[in-house]
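Student: First residue of the sequence shown: 1, per the UniProt record's numbering; consecutive thereafter. Starting off with a structure, shown below.
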Amino acid sequence: MTIPQRLSNRHLDAGSAVPWVVQKYGGTSIGKYASKIANDIIRISLQRNRVAVVCSACSAASKAEGTTTQLLQLYTTFNEARIACHDRSIILGATNKRLGALVEDHLVAASRFIRNPAIRRSLADRLRFETQKTLASLADALATNHYSDVRVKDQIISVGEKLGCLLMCGVLEDAGVDTEYVDLSSAVAQTASQVDDKFFAKLTAAIAARLVKCGDRVPVITGFFGQTPTSLLDGEVGRGYTDLCATLCAISLGADELQIWKEVDGILTADPFKVPGAQPIECMTLGDVAALTLNGAEVVHAAAIQQLIKSRLPILLRIKNVTDPDHLGTVIIPDVEGDDSDSDYHPSGTCTPCRDEHVGGGCCAAITVKDHICALSLQCDGHASPIRLLNSVLGVLDKHSINISSISTSAGEVNMALCLNESQLASFGRAKEQLSVHGQLTVLQDSAIITLIGTRAGSMSQVTSQMLSILSEENIHFKMISQQPGHRCISCVIQSLDIPRAINTLHARLCLPSDPAGHLTRLS
1 MTIPQRLSNR HLDAGSAVPW VVQKYGGTSI GKYASKIAND IIRISLQRNR
51 VAVVCSACSA ASKAEGTTTQ LLQLYTTFNE ARIACHDRSI ILGATNKRLG
101 ALVEDHLVAA SRFIRNPAIR RSLADRLRFE TQKTLASLAD ALATNHYSDV
151 RVKDQIISVG EKLGCLLMCG VLEDAGVDTE YVDLSSAVAQ TASQVDDKFF
201 AKLTAAIAAR LVKCGDRVPV ITGFFGQTPT SLLDGEVGRG YTDLCATLCA
251 ISLGADELQI WKEVDGILTA DPFKVPGAQP IECMTLGDVA ALTLNGAEVV
301 HAAAIQQLIK SRLPILLRIK NVTDPDHLGT VIIPDVEGDD SDSDYHPSGT
351 CTPCRDEHVG GGCCAAITVK DHICALSLQC DGHASPIRLL NSVLGVLDKH
401 SINISSISTS AGEVNMALCL NESQLASFGR AKEQLSVHGQ LTVLQDSAII
451 TLIGTRAGSM SQVTSQMLSI LSEENIHFKM ISQQPGHRCI SCVIQSLDIP
501 RAINTLHARL CLPSDPAGHL TRLS
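Following this line, the structure appears as structure tokens:
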């Protein structure tokens, strides 16, 4: 067996000037490509950068089969047994059995990725030690009179990132990379009352202090961080928290680049399952990526984008493909200072979109669809105040916890696009009854919101005109045309049955370049 050259975050020949790159890897990528990540990406990166690695919980094939899903099931079983007053020894015994099964899953993965038997044995010990620490914490939680459901849930869910990081440490050690496991699940004490900028500033400082202790070793960092005032998974942050963790690591290190590694060639112009002709986008701005996330495209966690914007640091964000590391992916650059959402688009930076002389092919960056929308139109009887009518409508919807995706008002009329899930159908029925008191209510089910993201030529009004002309040519009925404040994007509501034709036509005529060379410059 060939022994690889040992690599680490030694400062090469340039001292502390060697730039940091933070790399975030998803659970399915680790579960399928851990060896490729270690040898073809991280080792190569260490030849020119200092590297920090942030890991999600490992998944065998999909999130539905992943470690986090299993841990959520474990938490539910644990909590139900506690509430039912089952014997503590029985609860802990069942929990230990399920944690042991997760350890075995990771050891099976290790047998595929790690060649050195000594490293595999060491990994097995570290995995079991970590789960036993968790079991001891759960035992303490059951014994206390101040049981915290939030803390228990975090303790259980954080196991996934811990095991994933330990697995990745083993794979990297086998590949000849010196690593240090960094657990951020208790990075800060729970003193904040909410997850806000002060909390993130405190957490970023704590991360910086911890990573300094790694010295030359490559830090392998749990994407699960804490302690947040509410459960990290169920509170303000939610799923995708590893993106946010990686962002905070990049900010704390003053990194040159933050890389989020997926299994696609960067951000695409549309959902490839809905638009077969979707193509990778070479360059976008942070504002456009924020708009994508806001409008239903799972690209980067919204809070991660906001923290990058607020940091005002020149950190380049790049979305890359673990299966094709040489592909440039998508580069995401900061927005231009003082940019007006209705002005011509002139970003500058590593890559710059070319400005077309007319509105047409390639004038928009991407197109998204938000499904399961219910469109409501309320026409008021009499001469009620528009402000009073709007307040009444918002009060009813807030009372029934119904989310509004889009809303527009005019004299005596309110139009809304609501995002409903199955659990809200009953409360929506009651809300309709209460709204009907204020006037004539028209409900259009099976609707969707279609959004064009990031105008790259002409003004927003020109692109809007082009979009509406195309929909009219296709005899597609639309309503509630809106522009989102602070974003270069235009939305409208159409019926779901028209979505395939609408999105493919708009994508072909407004998102794809008019010429084969493309509407974006190549990266230098």
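Every residue, glycine too, gets a C-beta built ideally from N, C-alpha and C.
#1: Can you tell me the Cα-Cα spacing of Q121 and Y241, whole angstroms?
#2: Between D271 and R388, what straight-line distance do the alpha-carbon atoms span, to the nearest angstrom?
#3: What does DSSP give as the partner residues of N504 in its beta bridges?
#4: From G31, Q47 and I37, pick the residue whose C-alpha is nearest to that of A57; which is it?
#5: Quick check on this structure: which residue in H400, L72, F78 and L378 has the alpha carbon closest to the alpha carbon of residue 587?
#6: If V51 sits next to C249, beta carbons under 8 Å apart, how far is it from one beta carbon to the other, in whole angstroms?
#7: I'd like to check one pair, L172 with I42: are the Cβ atoms closer than 8 Å?
#8: Three-state secondary structure (DSSP) at H372?
#9: Taking the runs of the beta strand (DSSP E) that are 3 residues or longer, which of them lie wholly in the region 218-249?
#10: Is I373 near I503, with beta carbons less than 8 Å apart?
#11: Go to Y147, then tell me how far its alpha helix (DSSP H) extends in each direction, as first and last residue.
#12: Around the Cβ of L286, are there at least 16 other Cβ atoms within 10 angstroms (buried) or fewer (exposed)?
#13: Taking 8 Å as the threshold (C-beta atoms), are D243 and H301 in contact?
#14: Who are A366's beta bridge partners in DSSP?
#15: What are the boundary residues of the alpha helix (DSSP H) that includes T68?
#16: Name the DSSP beta bridge partners of K24, please?
#17: Among the candidates D197, R217, A209 and R210, whose CA atom is the shortest distance from the CA of E236?
#18: Name the two residues that bound the continuous beta strand (DSSP E) containing R318.
#19: Can the beta-carbon of I476 be found less than 8 Å from the beta-carbon of R501?
#20: Let's test the definition: count the other Cβ atoms within 10 Å of the Cβ of I90 and tell me whether it reaches 16, buried, or not, exposed.
#21: Which same chain residues end up closer than 6 Å to A205 when comparing Cβ atoms and leaving out the 5 residues on each side of it in sequence?
#22: Alpha carbon to alpha carbon, how far is F200 from L452? Give it in angstroms, no decimals.
#23: For K479, does the three-state DSSP call read helix, strand or coil?
#24: In terms of residues, what are the limits of the beta strand (DSSP E) holding V177?
#25: In angstroms with no decimal places, state the Cα-to-Cα distance between L258 and T68.
#26: Can you confirm whether the region 142-155 touches the region 217-236 when touching is taken to mean that 3 or more C-beta pairs between the two stretches lie within less than 8 Å?
#27: Pull up the distance between the alpha-carbon of D87 and that of H146, whole angstroms please.
#28: In terms of residues, what are the limits of the beta strand (DSSP E) holding I91?
#29: When burial is assigned at 16 or more other CB atoms within 10 Å of the CB, is E357 buried or exposed?
#30: Just reading off the beta strand (DSSP E) that I332 is part of, what are its end residues?
#31: Exposed or buried, what is S491 when buried is set at 16 or more other beta-carbons lying within 10 Å of its beta-carbon?
#32: What's the C-alpha gap between residue 541 and Q73?
#33: Looking only at its own chain, which residues have a Cβ that is under 8 Å from the Cβ of G226, when we skip the five neighbours before and after it?
#34: Extract the residue ranges of the alpha helix (DSSP H) inside the region 264-296, only unbroken runs of 4 or more that lie entirely within it.
#35: CA-CA distance, P314 and L444?
#36: CB-CB under 7 Å to V396, same chain, minus the five flanking residues each way: which ones, in chain order?
Tutor: Taking the definition as stated:
#1: Translated into positions along the sequence shown, residue 121 becomes position 121. Translated into positions along the sequence shown, residue 241 becomes position 241. Gln is not the amino acid found at residue 121; the sequence shown has Arg there. When rounded, the distance between both Cα atoms is 31 Å.
#2: Within the sequence shown, numbered from 1, the residue matching residue 271 stands at position 271. Within the sequence shown, numbered from 1, the residue matching residue 388 stands at position 388. Going from the Cα of D271 to the Cα of R388 covers about 40 Å.
#3: By 1-based counting over the sequence shown, the position of residue 504 is 504. DSSP, once it has assigned bridges, lists no residue as partnering N504.
#4: For the purposes of this step, residue 57 is identified with residue 57 of the sequence shown, where counting begins at 1. Considering only alpha carbons, the answer is G31.
#5: Given a span of 1 to 524 for the chain in the structure shown, any question on residue 587 remains unanswerable.
#6: Mapped onto the sequence shown, residue 51 falls at position 51. Mapped onto the sequence shown, residue 249 falls at position 249. A Cβ-Cβ separation of about 11 Å leaves V51 out of contact with C249 under the 8 Å criterion.
#7: Along the sequence shown, read from residue 1 onward, the residue named residue 42 stands at position 42. Along the sequence shown, read from residue 1 onward, the residue named residue 172 stands at position 172. Yes, these two residues count as a Cβ contact at 8 Å.
#8: Here residue 372 corresponds to residue number 372 of the sequence shown, with the count starting at 1. Looking at H372 - three-state DSSP - the assignment turns out to be strand.
#9: Runs of the beta strand (DSSP E) inside the region 218-249: 218-222.
#10: By one-based count along the sequence shown, residue 373 stands at place 373. By one-based count along the sequence shown, residue 503 stands at place 503. Cβ distance not < 8 Å, so I373 and I503 don't count as in contact.
#11: Looking up residue 147 in the sequence shown gives position 147. Segment: none, Y147 is in no alpha helix (DSSP H) and carries neither H nor E.
#12: For this step, residue 286 is matched to residue 286 along the sequence shown. With 16 or more other Cβ atoms within 10 Å, it is buried.
#13: Locating residue 301 in the sequence shown gives position 301, counting from the first residue. Locating residue 243 in the sequence shown gives position 243, counting from the first residue. Cβ atoms of H301 and D243: closer than 8 Å.
#14: As a working note, residue 366 is residue 366 in the sequence shown. Beta-bridge pairing links A366 to I453.
#15: Position 68 of the sequence shown, counted from the first residue, corresponds to residue 68. Segment T67 to I83, the alpha helix (DSSP H) holding T68.
#16: The count along the sequence shown starts at 1 and reaches residue 24 at position 24. Answer is V54 and I260, bridged to K24.
#17: For the purposes of this step, residue 236 is identified with residue 236 of the sequence shown, where counting begins at 1. Of the candidates D197, R217, A209 and R210, the one whose C-alpha sits nearest the C-alpha of E236 is D197.
#18: As a working mapping, residue 318 is identified with position 318 in the sequence shown. Segment L316 to N321, the beta strand (DSSP E) holding R318.
#19: Translated into the one-based positions of the sequence shown, residue 476 becomes position 476. Translated into the one-based positions of the sequence shown, residue 501 becomes position 501. Yes, the Cβ-Cβ distance between I476 and R501 is below 8 Å.
#20: Residue mapping note: residue 90 aligns to position 90 of the sequence shown, counting from 1. Burial is judged here by how many other beta carbons sit within 10 angstroms of a residue's own beta carbon; I90 has fewer than 16 and is exposed.
#21: Numbered from its first residue, the sequence shown carries residue 205 at position 205. By the criterion of a C-beta distance shorter than 6 Å, A205 is surrounded by no residue of its chain, once the five residues flanking it on both sides are discounted.
#22: For the purposes of this step, residue 452 is taken as the residue at position 452 of the sequence shown. For the purposes of this step, residue 200 is taken as the residue at position 200 of the sequence shown. For L452 and F200, the distance between alpha carbons rounds to 32 Å.
#23: On the sequence shown, residue 479 is found 479 positions in, with the first residue counted as 1. In the three-state reduction of the DSSP assignment, K479 falls in the strand class, which pools E and B.
#24: Within the sequence shown, numbered from 1, the residue matching residue 177 stands at position 177. In the DSSP assignment, V177 falls outside any beta strand (DSSP E) and carries neither an H nor an E.
#25: The count along the sequence shown starts at 1 and reaches residue 258 at position 258. The count along the sequence shown starts at 1 and reaches residue 68 at position 68. Spanning the two alpha carbons is a distance of roughly 24 Å.
#26: Touching, per the Cβ criterion.
#27: Within the sequence shown, numbered from 1, the residue matching residue 87 stands at position 87. Within the sequence shown, numbered from 1, the residue matching residue 146 stands at position 146. Answer to the nearest angstrom: the Cα atoms are 18 Å apart.
#28: On the sequence shown, position 91 is the one that residue 91 refers to. Counting along the chain, no beta strand (DSSP E) covers I91; the unbroken alpha helix (DSSP H) around it starts and ends at R88 to F113.
#29: To locate residue 357, count along the sequence shown from 1; it is residue 357. Below a pLDDT of 50, predicted positions are generally treated as unreliable, and E357, at 40, falls in that range; no measurement from the model is reported.
#30: The residue labelled residue 332 in the question sits at position 332 within the sequence shown. For I332, the enclosing beta strand (DSSP E) stretches over residues T330 to I333.
#31: Residue 491 sits at position 491 when you count from the first residue of the sequence shown. Answer is buried; the Cβ neighbour count reaches 16.
#32: This structure cannot speak to residue 541, because the chain is shown only from 1 to 524.
#33: Counting from 1 along the sequence shown, the entry for residue 226 is found at position 226. For G226, where only same-chain residues beyond five positions count, the Cβ hits under 8 Å are D154, S158, L184, S185, S186, A187, V188, Q190 and L232.
#34: Complete alpha helix (DSSP H) runs here, min 4: 286-294.
#35: Numbered from 1 along the sequence shown, position 314 holds the residue referred to as residue 314. Numbered from 1 along the sequence shown, position 444 holds the residue referred to as residue 444. P314 and L444 have their C-alpha atoms roughly 46 Å apart.
#36: Along the sequence shown, one-based indexing puts residue 396 at 396. The answer, listed in chain order, is A431, Q434 and L435.
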